[in-house]
Each structure stands twice: as C-alpha cells, then as structure tokens.
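Note that the protein sequences, when read in sequence, are chains A, B and C. All letters in the first sequence, in the order written, are residues 1 to 292 by the numbering used here. All letters in the second sequence, in the order written, are residues 1 to 234 by the numbering used here. All letters in the third sequence, in the order written, are residues 1 to 332 by the numbering used here.
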Amino acid sequence: MTVVNAVLQGIFLGAFYAVLACGLSIMFGVMRVINLAHGDVAVLGAYVVFVIVQGTGMSPFVAFVVALPVMILLGYLLQLTILERSLKSGILTPLLATFGLSIVIQNLLLITFSPDVRSLGENAGAVTTSSWQVTSGLSVSTLGVVILVVAVIVFGALQLFLSRTRAGWMMRATAEDSDAAELVGIDSRGVYARATALAVAVAALGGLFLAIRSVFDPVSGPTQLIFAFEAVVIGGMGSLWGTLLGGLALGLAQTLGAHINPEYSALTGHLLFLAVLIVRYGGGRVSFGTAR
Amino acid sequence: MTLLRVEELDCRYGLLQAVRGVSFEVSPGETVALIGANGAGKSTLLRAVAGAHKPHGGRVMFDGADVTSMPAHRRVSLGIALVPEGRRLFPSLTVEENLRVAAARRGRWNVQSVLEVFPLLQPRRHMPAASLSGGEQQAVAIGRALMSNPRLLLLDEVSLGLAPIVVDAVYRSLAGIISEGTTVVLVEQDLTRALEVAGRVICMLEGRIVLEGEAASLDRDRVIGAYFGLKRPA
Amino acid sequence: MRVQRWTRTSKLFTGATLAIAVLLATVPLVFESDVVQKLTNLLILVLLAAMWNALAGYGGLLSVGQQAFIGIGAYGTVFFAGLGVSPYLAMVLATLVAGAISVPISFLALRLRAAQFAIGMWVIAEVISILVRLDQNLGAGTGISLIQLNQYAPNFRQAYTFWLALGFTVIFLSALFFLLRSPLGVSLQAIRDDEDAARSLGVRVAARKRLLFVLAGFGCGAAGVLIGANTLFIEPGSIFSVQWSAYMIFMVLVGGLGTFEGPILGAILLFWIRTTFTQGGPWYLVGLGATAALFALALPRGIWGTIEERLGLRLLPVGYRVVEVTGEKRSA
C-alpha cells in the first residue's frame with residue numbers, strides 16, 4: 001500500500017473516529033462530563049441495529065433509523081437517572097458512575113448476546129465491499145466516502161443547530177453559564193437531557209459504522225471510548241470542529257503508524273494523544289471540568 | 001395587595017448563614033432599594049426570591065402563590081426576572097442572541113423595544129457579548145431580563161464596576177422602566193442613588209433587616225448608622 | 001480542650017491489627033496450599049485497594065490506569081528471572097522498577113486533572129501493554145510463564161509467595177499509615193478538601209501528589225509481582241486489563257473512599273463475592289458495576305465512611321479528635 005493510500009485510509013478512519021467522538025464532545029461541551037460508558041453506548045447501538053437486522057432482514061442503514069428513537073429514549077433515561085445526580089456531587093462522581101455503568105452495559109451485552117464477534121458488513125451490501133479504482137495504486141472505498149460525507153454532514157448540522165437555532169443558543173447558554181441560563185427561563189435539566197440524547201444518538205451512529213466497517217463484540221466499548229477521547233483531546237476539548245479534525249488526525253496517525261508496522265497502529269495514535277496532552281495541558285494549572 | 005411576600009427567610013451556604021429570618025413585602029408598582037454592606041445577604045436574598053438559591057427555611061410568596069421550591073426557570077414564566085450581579089451574559093452569543101435566548105412572555109418588551117430603550121446597543125446587535133464594554137453589557141443584561149416582561153424585576157448591583165457617567169445612563173433607562181409601572185427591587189451599594197430612585201428602602205446587616213422605611217422620610221444619618229451597624233446612644 | 005490521637009478503641013484495634021499480622025504469618029504452616037493461594041489473592045486485593053485509595057481518596061487522583069504498574073511488576077519479574085536472578089529477588093527488583101518508572105510518568109500524568117488524568121493513565125497503560133506485546137522475549141501477545149518458580153515444591157512456593165504478599169501488604173499499609181499520621185497527612189487532607197486553598201497556604205501540592213503517585217506505583221507493582229507469582233502464567237491482555245481498575249474502584253468506593261479501613265473492608269467484600277459467585281460470570285460483574293455506580297451516586301463515603309461518620313468511630317488512629325476536658329468553659 002502506498003503512502004497516499006495510507007493517508008486516504010487515514011482520512012476515512014478519522015471520519016469514523018470523528019463520528020464516534022462527536023457525542024463525547026457534545027456531552028463535555030455542554031455538561032463538562034466525560035461519559036466513560038460512551039464507547040459501550042455506541043456498541044449498544046450496534047447491537048440494537050443488529051437485532052433489528054436479524055429480525056427483519058432490513059439493511060443496517062434502514063434499521064438504524066428504526067433504532068434511533070430507542071437510543072434517544074435511552075439517552076434521556078441515562079441523563080435523568082445517572083448523569084443528573086452525578087453532576088451535583090463532584091468532579092469524580094460522573095467518572096465513577098459512568099465507569100460502573102460501562103461495566104454493567106458490557107456484561108449485560110455479554111449475557112444477552114454471547115462473546116461472539118459480529119459484523120454487519122455483509123448485511124450492508126455492496127457499500128461495504130465496493131471501491132473506486134482511481135489509479136493503479138489508489139482505490140477509494142465507497143464505505144469510507146459514505147462515512148466521511150456523513151461525518152461532515154453531522155458536524156455541519158450540529159454547528160448550524162448551535163449557531164442558528166434558539167434551541168442551540170439555549171444549549172450554548174447553559175454550557176457557558178447554567179446559573180444565568182436558569183435565571184432567564186432556560187430549563188437546564190431539559191437542555192442537559194437533550195444534549196445527552198443527542199450524544200447518544202450520534203454515538204449509536206458511530207456504533208453502526210463500527211458494525212459495518214469492522215467487527216464488534218460486547219467488550220468493544222472501552223477501545224472505542226479511548227479513541228473517541230483521544231480524538232476530542234487532540235482536536236481541543238470544547239470545540240466541535242476540533243473534534244472532527246482531531247478524529248482525522250488520530251485516523252491518520254494510526255494508519256501511518258500501521259504503514260510502518262502493522263502492530264504500531266494503535267500505538268502511534270496513543271503517542272500523538274500523549275504528545276498533545278503534554279504540549280497543551282502540560283501547564284499544570286490549566287484545568288478542564290473543574291469549576292462550573 | 002402584595003406582589004411579593006418574603007416570610008422568615010433563612011438562607012445558608014453550608015454552615016454559613018447569609019440570610020436570617022428576613023420578612024418583608026413589596027406592593028405592585030413599588031420600587032424598593034435593598035442596601036447594606038458587602039456580605040449583608042442582599043444578593044443571596046434576591047437570588048432566593050428569583051429561585052437561584054434554595055432557602056433553608058421560610059417562604060417566598062409571589063402573587064399569593066408559594067414559590068419557595070419552584071425552580072428559577074419556572075419563576076420567569078410567572079413574571080420574576082433577576083439581573084444577576086456581574087451581568088453574567090453568555091459570552092459567545094451575540095447581543096441579539098442573548099436577548100432572544102431568554103424566555104419571552106407577551107408584553108411590551110421584545111428585541112426591538114429593548115434596543116429602542118438602549119440605543120447604544122443597536123450597532124452592537126450582532127456582536128458577541130464578550131466584546132462589549134461594561135456599560136453595554138449591563139444594558140444587555142437588563143434588556144435580557146426585560147424580555148420576559150416581568151412583573152417583578154430584580155436588579156443586583158447594576159452599578160458595580162461601571163464609571164459614574166455610565167451608571168447615570170443606566171439609571172436613566174431604569175427610570176423609564178420604573179415609570180411604566182414595573183415593580184422593582186434593586187440592590188445598590190451607592191446610598192445616594194438608592195435613596196434617589198427608590199420609594200422604600202430596606203437596610204440589611206449580617207443577614208437581618210435592621211431598617212426599613214420610606215426613602216423620603218428616612219434620616220440619612222440613621223440609614224448610615226443602620227448600614228454600618230453603629231450603635232447609637234438610646 | 002485537648003487534641004487526641006489515640007483513643008481507647010484505636011489503641012485496642014491497632015494492637016489487634018498487629019496481632020492479626022503475626023497470626024497471618026502462620027497461615028502457610030497451618031492451611032492447605034489452595035487456601036494459602038486464596039488468601040494470597042485476598043492480600044493482593046487489600047494492597048490494590050489501599051493503593052488506589054491512596055491516589056483517589058487522599059490525593060483526589062482518579063486513575064483508571066494503575067494496571068500499567070501491575071503489568072510492569074509482573075513482566076518485570078519475568079524479565080529479571082529470565083536474566084538468571086533468583087525468582088524472589090527478581091520480584092523485589094520488579095517492584096522497585098515499577099516504582100522507579102512511576103516517577104517519570106508522574107511528570108506527565110500529574111499535570112492533568114480529572115478526566116484527562118483518568119483516561120491519560122489508561123492510555124499510558126495501553127501503551128506499555130502494546131510495547132510488551134511487541135517484545136518476543138516477553139512472550140508477545142500469547143503470554144509467558146514464570147517457569148523459574150518450578151524449582152520450588154508447590155507448597156513451599158505457595159508459602160513463600162504468601163509471606164512475600166504479607167510482607168508487601170504490611171510494608172505498604174504501614175507506609176501509608178505513617179504518611180497519614182505525619183504533617184504530610186494533614187496537608188493531604190487539605191489538598192483533598194480544597195486544592196487551591198491548600199496551595200495558597202503554601203502546601204506543596206505537586207510534591208505531595210507525586211509522593212502518593214509513586215507510592216501507588218510501587219504498591220501496584222508489588223501487587224503485579226504477586227499476581228504473577230500466584231498464577232504463574234501472565235499474558236498482556238489480562239495483566240494490563242482495565243478490569244483491575246474496575247476491581248480497585250469497586251473495593252474503594254464500596255469500602256470507603258478516603259478512609260484507611262474502608263479499602264480493607266472493600267477488599268474483603270470483593271474477595272468474598274469472588275469466592276462465592278465463581279459461577280456467576282458476567283452477572284456478578286453486572287452487580288459489581290451497578291454497585292460501584294450506586295455507591296458513587298448515593299453513598300459516596302462508602303460503607304466504612306458512613307459508619308465512621310455516624311458513630312464517630314475511628315479504629316486506626318490516622319486523624320485527630322478534639323476533646324473537651326471537663327471543667328473547661330466554652331467561650332462565646
């Protein structure tokens with residue numbers, strides 16, 4: 001594989017990571033919470049789609065549309081039960097509570113579905129396997145392009161939502177100063193619930209893409225979480241477009257690492273992440289997610 | 001007929017008691033000035049009335065209804081609006097977005113009429129709130145509270161951090177709002193301004209009301225004495 | 001007004017603790033080999049819980065990556081034993097290496113707060129895991145055995161391992177105990193309660209946190225050494241697994257975050273659960289996760305913390321009590 005091919009693959013992989021990271025970024029941006037169960041929520045989404053596909057034989061993309069309301073409802077439930085309580089307690093509480101939730105989700109999936117590795121790539125049909133031969137050394141996978149286009153659309157739509165709609169302003173206002181937001185009539189509880197529902201919906205989309213482009217099993221969650229978090233940090237916490245760029249950077253780092261040695265792929269991503277951490281947050285006094 | 005009645009209100013921050021057994025009433029159309037030294041409990045009292053601080057004890061009655069446990073955002077729909085200390089605009093939102101994000105109630109106030117009362121904001125309409133000067137931000141903060149067409153407008157230290165000439169402008173606009181009949185309770189450090197604009201004055205010290213009366217009939221020395229907690233010979 | 005460190009209860013209990021430690025030393029002489037192995041596991045859990053609590057309960061550092069040091073301890077043993085060092089000496093060396101490595105790591109990790117620190121440590125653990133996996137000499141992805149231990153007869157090996165575990169546990173718990181009783185300990189409380197306020201009072205926050213971090217590095221390394229010695233076969237997937245962090249979080253949250261006795265209680269509890277529900281599989285993990293989350297949300301002080309609060313009880317004297325002497329009048 002040529003370097004150009006590796007770069008292209010990196011961009012496609014990065015777009016996938018960006019979608020995965022988007023929900024994490026939303027929740028952090030609005031609530032200053034890192035949901036350690038985020039990856040598991042994405043995997044849960046993949047399983048919901050899987051169940052629908054198994055039961056009805058629909059294309060996974062169509063099944064996703066059916067799965068979406070279920071996931072959104074779960075998002076609301078998650079916020080109203082666990083996250084809302086944990087927001088009031090302290091910085092460590094949301095991390096601890098969502099870590100516990102992560103273990104619960106993984107093991108409930110294990111019990112329900114067995115540890116078998118699964119994939120929805122076949123069910124997605126031609127999209128998964130087809131590609132477009134540009135030159136003799138360069139082929140562009142259709143799925144990669146689909147994910148990239150969807151990623152750009154999702155981020156763009158979110159950006160428009162936040163900058164042009166009143167609901168979006170309300171979300172930004174609550175993120176910037178939830179106390180003042182309450183004083184002007186904004187129900188912060190409702191805003192948080194909507195943000196979580198949104199985050200879960202996009203996470204489920206990430207899960208769909210995971211299922212189609214690759215394989216998944218009940219314990220795939222933590223890996224997705226780490227990559228999503230790395231994408232958010234690399235791109236800059238609190239910046240939506242940053243998360244898209246961060247995802248792309250992570251994807252590129254991984255595929256270029258794999259280009260050198262297939263065993264290096266995750267490693268180069270981790271090293272990029274650690275380097276960004278040192279450079280950007282190495283000040284020591286800079287803190288995120290403390291004062292609200 | 002009272003619009004606001006506060007009964008034996010007790011507000012705490014952990015173990016610190018900020019408001020102790022405060023009771024008072026406000027009638028429709030009144031302008032009441034809440035004065036007192038720093039730490040007297042004035043801001044906490046306003047925040048408790050607005051719903052931003054949960055009282056430890058006592059009641060807040062608005063228009064006959066007990067709103068003590070009602071969250072702040074719902075009190076806005078009843079007609080209580082607080083302009084918080086330090087203005088607290090949403091920095092990345094524009095002036096217009098700051099106004100429009102506030103929950104609106106039907107009435108004479110909307111984006112257009114707010115901009116008419118504060119014409120200095122017109123050219124800044126689409127600029128992010130963080131780029132405004134202190135006086136402009138105060139205007140937006142007041143305007144934002146007005147968007148809900150409140151029956152009770154609470155203002156917390158609108159003169160804080162502003163040059164006197166700017167404060168004059170703010171109070172001129174306020175006079176207009178007051179003359180239209182809105183009930184106003186304002187916290188003000190500047191005694192002179194407070195006595196000028198208010199019909200009634202309440203002075204607080206260490207969480208308690210130590211003096212209350214018509215602004216016109218209160219002796220200035222008596223007010224100062226109460227403000228600082230100076231003991232006078234019997 | 002008198003400031004008291006030792007109450008009658010705490011004197012009694014400290015004495016009892018020392019007696020228990022001596023008693024435990026006789027375990028391998030009394031019990032069967034598999035019981036000794038189980039109890040070694042219990043000691044490992046106690047050690048892990050105490051160390052995680054040192055970080056989170058006393059330092060406010062929530063690490064989801066201590067498995068890094070567990071793995072270094074285990075693989076370090078394999079490494080040194082492979083060089084020809086006597087196995088039990090290799091274990092001590094590996095523990096020292098784990099502690100030593102924690103120092104440079106601390107310079108990166110401690111600059112991060114909250115979520116960045118938590119996941120940053122996890123990523124560091126992953127990096128170390130990958131680096132180990134790439135090394136063929138260490139068994140790569142499939143794992144490696146500590147064959148050098150075969151030179152001992154099984155019940156001797158089990159006994160030596162148990163005594164090493166007991167030794168490590170006593171050393172690290174004592175280190176933590178004396179740390180908390182020292183002026184350092186009070187400043188740690190201050191850091192935990194309000195870091196910025198503590199810093200403004202001149203408390204050298206960074207140095208204190210580093211001390212805890214390195215102690216936990218040593219301790220988790222020791223635990224890793226013991227895990228390797230107790231199970232004889234290690235592979236990167238399980239020794240570097242975030243599952244260890246899950247166990248540590250459960251033990252400390254349920255036992256009592258920020259108390260000295262809590263983690264020990266949590267370890268005993270987890271040990272009991274694991275031995276009783278061996279057939280449970282994923283169900284018991286669901287229970288663990290749900291319980292940890294519930295405690296985080298509803299009972300943040302854990303079982304011991306809540307008991308301590310309600311009864312004013314302190315079994316081991318790590319704190320101070322203010323006692324009114326009869327006859328003194330309280331001023332207004």
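The beta-carbon is built from N, C-alpha and C at its ideal position, and this holds for glycine as well. As the structure is a prediction and not an experimental result, all values here were calculated from the model.
Item: Beta-carbon neighbours of residue 183 of chain A, restricted to chain B and to distances below 7 angstroms; Value: 50, 52, 72, 82 and 84
Item: Neighbour list for residue 97 of chain B in chain A, Cβ cutoff strictly below 7 angstroms; Value: 169
Item: Contact check, residue 237 of chain C vs residue 252 of chain C, beta carbons under 7 angstroms; Value: no
Item: Contact check, residue 224 of chain A vs residue 39 of chain A, beta carbons under 7 angstroms; Value: yes
Item: Cβ-based neighbour list, residue 121 of chain C, same chain, cut-off 8 angstroms, excluding 5 preceding and 5 following; Value: 63, 64, 65, 66, 68 and 109
Item: Residue-chain proximity (residue 176 of chain A, chain B), Cβ-Cβ < 7 angstroms; Value: yes
Item: 8 angstroms contact criterion, which residue 209 of chain B and residue 95 of chain B should meet: CB distance rounded; Value: Wrong, their Cβ atoms sit about 37 angstroms apart, outside the cutoff.
Item: Pairwise C-alpha distance: residue 196 of chain A and residue 284 of chain C; Value: 28 angstroms
Item: CB contact check: residue 273 of chain A to chain B, cutoff 7 angstroms; Value: no
Item: Contained alpha helix (DSSP H) runs [length at least 4] in the segment 211-253 of chain A, N- to C-terminal order; Value: 221-235
Item: Under 8 angstroms by beta carbon: chain A residues contacting residue 91 of chain B; Value: 176
Item: Cβ separation of residue 67 of chain A and residue 231 of chain A, assumed to be a contact under 8 angstroms, to the nearest whole Å; Value: Not really, about 23 angstroms apart at Cβ, beyond 8 angstroms.
Item: Three-state secondary structure (DSSP) of residue 171 of chain C; Value: helix
Item: Cβ-Cβ distance between residue 19 of chain B and residue 3 of chain B below 7 angstroms; Value: no
Item: Residue 335 of chain C in three-state terms, based on DSSP; Value: An answer regarding residue 335 of chain C cannot be provided, because it is not within the stretch 1 to 332 covered by chain C.
Item: Beta-carbon spacing of residue 95 of chain C, residue 223 of chain C below 7 angstroms; Value: no
Item: Residues from the segment 60-75 of chain C in contact with chain A, defined by Cβ distance under 9 angstroms; Value: 60, 62 and 64
Item: First and last residue of the uninterrupted alpha helix (DSSP H) at residue 174 of chain A; Value: 166-176
Item: Three-state secondary structure (DSSP) of residue 276 of chain C; Value: helix
Item: Minimum C-alpha distance to residue 90 of chain C - residue among C/105, C/99 and C/74; Value: C/74
Item: Contact between the segment 36-49 of chain B and the segment 158-175 of chain A (3+ Cβ pairs under 8 angstroms); Value: no
Item: Whole-number beta carbon distance between residue 212 of chain B and residue 224 of chain B, since they are thought to touch under 8 angstroms; Value: 15 angstroms between Cβ atoms; not a contact.
Item: Interface flag, residue 186 of chain A vs chain B, CB-CB below 7 angstroms; Value: yes
Item: Interface flag, residue 3 of chain A vs chain B, CB-CB below 7 angstroms; Value: no
Item: Proximity below 7 angstroms, CB of residue 68 of chain B to CB of residue 59 of chain B; Value: yes
Item: Chain-ordered neighbours of residue 235 of chain C on chain A, where CB pairs are closer than 9 angstroms; Value: Going along chain A, no residue has its Cβ under 9 angstroms from residue 235 of chain C, so there is no contact; the nearest lies around 16 angstroms.
Item: Collapsed DSSP secondary structure at residue 105 of chain B in the structure displayed; Value: coil
Item: Nearest-angstrom beta carbon gap, residue 172 of chain B and residue 138 of chain B [assumed within contact, 8 angstroms]; Value: Contact doesn't hold; Cβ gap of about 13 angstroms is too wide.
Item: Buried versus exposed call for residue 293 of chain A [16 or more other C-beta atoms within 10 Å across all chains shown]; Value: No answer is possible for residue 293 of chain A: it lies beyond the span of chain A, which begins at 1 and ends at 292.
Item: Residues of its chain near residue 166 of chain B, where Cβ-Cβ distance is below 6 angstroms and the 5 sequence neighbours each way are ignored; Value: 135
Item: N- and C-terminal bounds of the beta strand (DSSP E) containing residue 214 of chain B; Value: 208-214
Item: Below-7 angstroms beta-carbon distance, residue 110 of chain A vs any chain C residue; Value: yes
Item: Any C-beta of chain A under 7 angstroms from that of residue 193 of chain B; Value: no
Item: Three-pair Cβ contact test at 8 angstroms for the segment 269-282 of chain C versus the segment 70-84 of chain A; Value: no
Item: Rounded C-alpha distance that separates residue 194 of chain A from residue 103 of chain B; Value: 17 angstroms
Item: Any C-beta of chain A under 7 angstroms from that of residue 201 of chain C; Value: no
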